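Colleague: When the count follows UniProt numbering, it moves up by one through the sequence shown with no breaks and lands on 398 for the last residue.
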Amino acid sequence: MRNQAVPELQRVPLEEVCLGIISVGFANNCMDFLLQAPQPPAEESVQTALALLEEVGAIFFNGSKEMLTPLGKHLAKIPVHVKLGKMLIFGALFKCVDSILTVAASLSSKSPFSTHIDNATQAATAHRSFLHPTSDFLTICNVWKAYSLALNNGRSEGRRFCDKHFLNQSALMEIHDARREFIDLLAQIGFVEGEEFKRDKTEGLIEFHEKVRSSRYNMNGENEALLNSVIFAGLYPNVAHALSPGGVSTALPTFWHKKEHVFLHSSSVNYKRKKLESEWIGFHEKFATSKIYLSSTNQVKPFALILFGRSISVLHVERKVIVDDWIELKVAAQTGVMFRELRNEVEFLLKEMIEGVEISSGNGERGERMIEGVEISSGNGERGERMINGLVKLISNE
1 MRNQAVPELQ RVPLEEVCLG IISVGFANNC MDFLLQAPQP PAEESVQTAL ALLEEVGAIF
61 FNGSKEMLTP LGKHLAKIPV HVKLGKMLIF GALFKCVDSI LTVAASLSSK SPFSTHIDNA
121 TQAATAHRSF LHPTSDFLTI CNVWKAYSLA LNNGRSEGRR FCDKHFLNQS ALMEIHDARR
181 EFIDLLAQIG FVEGEEFKRD KTEGLIEFHE KVRSSRYNMN GENEALLNSV IFAGLYPNVA
241 HALSPGGVST ALPTFWHKKE HVFLHSSSVN YKRKKLESEW IGFHEKFATS KIYLSSTNQV
301 KPFALILFGR SISVLHVERK VIVDDWIELK VAAQTGVMFR ELRNEVEFLL KEMIEGVEIS
361 SGNGERGERM IEGVEISSGN GERGERMING LVKLISNE
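Written out as structure tokens, the structure reads:
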């Protein structure tokens with residue numbers, strides 16, 4: 001008997017499908033609409049997709065009806081996973097697009113690290129030169145930057161560089177292609193000016209990446225605190241809490257995702273670190289073997305949690321901020337309230353852009369000034385200006 005192919009709605013992630021249904025207005029309720037398909041997906045799969053869309057801030061519920069947020073309206077226009085799309089949008093918004101393109105591209109490509117049993121020690125030594133002290137994602141950025149420099153001298157030099165450092169050149173070329181695709185998507189939804197990155201027939205392999213690196217959308221491209229925060233915006237809600245054993249113990253911290261005990265994978269730069277710069281760890285994936293492991297991690301500062309988390313409760317007397325009912329941060333109430341207002345301003349900017357004000361055009365100066373801290377995008381005067389002024393500095397200098 002011939003094997004029947006599994007219907008597409010039963011085998012693909014449904015986040016993009018649900019976004020499309022909500023965006024076009026096919027139905028008031030995705031679950032009801034999808035369950036009417038000839039070969040419908042499992043109810044649990046639809047529920048999981050809708051829960052993720054709500055967690056990343058793409059939708060909200062008005063009774064039983066799903067509604068798009070301003071962010072969700074942008075995400076519905078680009079054919080990438082919602083987490084990658086969110087990361088790309090905030091990378092452009094906060095002007096650190098170069099490294100964010102690389103991170104997003106790497107998460108949709110094979111690993112550039114090449115290791116075989118017979119050269120594991122040599123490969124580990126070669127890879128060590130690229131390691132970032134707190135972020136697996138910025139480690140990949142280090143690899144890409146070094147490879148780009150080698151490519152300046154031609155493809156053959158790029159190939160020699162990969163051989164010397166035990167890197168997978170085909171994976172790096174996948175990153176190259178994905179970076180170009182992602183900048184085109186950002187141009188389509190108005191977050192960058194497409195003309196700046198228009199392809200020239202005479203353009204070499206590396207010229208495009210130099211354009212991105214030197215563009216006005218990468219003014220904060222070397223700000224690692226900001227980069228880690230924007231990466232976390234895309235990873236969210238994937239965050240774990242590191243609990244220190246305290247005292248002078250040589251024991252390693254333990255990690256918890258909500259109430260679940262988790263472990264950092266040995267491939268992470270944060271694996272077996274006794275002292276962490278932050279007690280919060282963002283991660284790409286969680287998977288189970290003998291234990292529950294987190295792969296690809298970066299350390300995240302509290303302000304990023306407040307800015308990019310889903311819900312915030314400010315406890316004035318206790319001087320605490322609670323993010324999403326489980327992340328407890330010791331922060332002055334005034335700071336928590338300020339960041340809550342900043343979140344509202346970022347959402348206002350995204351809404352404004354949906355309505356035709358592009359951050360990359362002359363009409364988007366108001367939005368650009370908001371992020372740069374020169375002027376608030378609403379009419380709250382000096383109070384609002386003080387909140388917006390130094391947003392990037394707050395994250396950078398925490």
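The beta-carbon is built from N, C-alpha and C at its ideal position, and this holds for glycine as well.
Bear in mind that the values here come from a model prediction, so they are computed numbers and not experimental data.
Can you tell me the Cα-Cα spacing of Arg273 and Thr297, whole angstroms?
Modeller: If you take the alpha carbons of Arg273 and Thr297, they lie about 12 Å apart.
Colleague: Would the beta-carbon of Thr115 fall within 8 Å of that of Trp144?
Modeller: No, the Cβ-Cβ distance between Thr115 and Trp144 is not below 8 Å.
Colleague: To the nearest angstrom, how far is it from the Cα of Ser290 to the Cα of Ala187?
Modeller: One C-alpha to the other measures close to 44 Å.
Colleague: For the beta strand (DSSP E) that contains Ala242, what are its first and last residues?
Modeller: Unbroken beta strand (DSSP E) run through Ala242: Val239 to Leu243.
Colleague: For the beta strand (DSSP E) containing Lys286, list its first residue and its last residue.
Modeller: Element bounds for Lys286: Trp280 to Ala288.
Colleague: Which class does Ser45 belong to by DSSP, given the choice of helix, strand or coil?
Modeller: Note: Ser45 maps to helix in three-state DSSP.
Colleague: Would you kindly check if the distance between the Cβ of Leu329 and the Cβ of Leu305 is under 8 Å?
Modeller: Contact flag set, yes.
Colleague: Can you list, in chain order, the stretches of the beta strand (DSSP E) that have 3 or more residues and sit fully within the region 75-150?
Modeller: Segments of the beta strand (DSSP E) lying fully in the region 75-150: there are none.
Colleague: Are the CB atoms of Leu14 and Ala49 nearer to each other than 8 Å?
Modeller: The answer is yes: Cβ separation under 8 Å.
Colleague: Which residues mark the beginning and the end of the alpha helix (DSSP H) in which Asn153 is found?
Modeller: Looking at the DSSP string, Asn153 is not in any alpha helix (DSSP H), and its letter there is neither H nor E.
Colleague: Mark Lys393 as exposed unless 16 or more other C-beta atoms lie within 10 angstroms of its C-beta, in which case mark it buried.
Modeller: Looking at its Cβ environment, which holds fewer than 16 other Cβ atoms inside 10 Å, Lys393 is exposed.
Colleague: Just the Cα atoms here: how many angstroms apart are Ala126 and Asp136?
Modeller: Between Ala126 and Asp136, the C-alpha separation is close to 16 Å.
Colleague: Per DSSP, which one or two residues make a beta bridge with Gln299?
Modeller: Answer is Ile281, bridged to Gln299.
Colleague: Please classify Glu44: is it buried, with 16 or more other beta-carbons within 10 angstroms of its beta-carbon, or exposed?
Modeller: Answer is exposed; the Cβ neighbour count stays below 16.
Colleague: Name the two residues that bound the continuous alpha helix (DSSP H) containing His209.
Modeller: That run of the alpha helix (DSSP H) goes Glu207 to Arg213.
Colleague: Looking at C-alpha atoms only, which residue of Gln122, Gly57 and Leu34 is the closest neighbour of Gln47?
Modeller: That would be Leu34, whose Cα lies nearest to the Cα of Gln47.
Colleague: Taking only beta-carbon positions, decide if Asn152 is within less than 8 Å of chain B.
Modeller: Included in the structure is just one protein chain, with no chain B present.
Colleague: Which runs of the alpha helix (DSSP H) spanning at least 4 residues fall entirely within the region 47-75, listed in chain order?
Modeller: Segments of the alpha helix (DSSP H) lying fully in the region 47-75: 70-75.
Colleague: Could you tell me the distance, in whole angstroms, from the CA atom of His284 to the CA atom of Arg155?
Modeller: Rounded to whole angstroms, His284 to Arg155 spans 31 Å at the Cα level.
Colleague: Do you know offhand how far Ala27's Cα is from Asn62's?
Modeller: Cα-Cα distance, rounded: 13 Å.
Colleague: Hey, Ser276 and Pro253 are a contact pair by Cβ (cut 8 Å); roughly how many whole angstroms apart?
Modeller: What sits at residue 276 in the sequence shown is Leu, not Ser. Leu276 to Pro253, Cβ: 7 Å. Contact.
Colleague: From the DSSP output, read off the bridge partner residues of Phe263.
Modeller: In DSSP, Phe263 forms a bridge with Tyr293.
Colleague: Nearest to Phe166 by alpha carbon, out of Ile189, Glu174 and Asp118?
Modeller: With distances taken between Cα atoms, Phe166 lies closest to Asp118.
Colleague: Decide if Trp280 is buried, meaning its Cβ has at least 16 other Cβ atoms within 10 Å, or exposed.
Modeller: It is buried - the Cβ of Trp280 has at least 16 other Cβ atoms within 10 Å.
Colleague: Tell me where the beta strand (DSSP E) around Ile327 begins and ends.
Modeller: Here the beta strand (DSSP E) through Ile327 covers Ile327 to Leu329.
Colleague: Mind checking who Ile312 pairs with in its DSSP beta bridge?
Modeller: Ile312 is bridged to Val323.
Colleague: Please state whether DSSP places His176 in a helix, a strand or coil.
Modeller: Helix.
Colleague: Are the CB atoms of Leu93 and Leu53 nearer to each other than 8 Å?
Modeller: Cβ distance not < 8 Å, so Leu93 and Leu53 don't count as in contact.
Colleague: Output the boundary residues of the alpha helix (DSSP H) element that contains Phe33.
Modeller: Start and end: Cys30 to Leu34.
Colleague: Taking the alpha carbon of Ile175 as the point to measure from, which residue in Arg160, Ser106 and Ser129 has its own alpha carbon closest?
Modeller: When only C-alpha atoms are compared, the closest one is Ser106.
Colleague: Work out the CA separation of Gln169 and Ile183 for me, nearest whole Å.
Modeller: Rounded to whole angstroms, Ile183 to Gln169 spans 21 Å at the Cα level.
Colleague: With a Cβ-Cβ cutoff of 8 Å, do Glu196 and Lys211 count as a contact?
Modeller: Contact: yes.
Colleague: Would you call the region 225-242 in contact with the region 253-264, where contact means no fewer than 3 C-beta pairs closer than 8 Å?
Modeller: The region 225-242, when compared against the region 253-264, does touch it at the 8 Å Cβ threshold.
Colleague: Can you tell me where the alpha helix (DSSP H) with Phe232 in it begins and where it stops?
Modeller: Per DSSP, Phe232 belongs to the alpha helix (DSSP H) from Glu224 to Leu235.
Colleague: Just the C-alpha distance for Asn228 and Arg179, rounded to the nearest angstrom, thanks.
Modeller: C-alpha separation (whole angstroms): 18 Å.
Colleague: Suppose you measure from the CA of Leu350 to the CA of Lys73; what does that come to, to the nearest Å?
Modeller: Whole-angstrom Cα-Cα distance: 9 Å.
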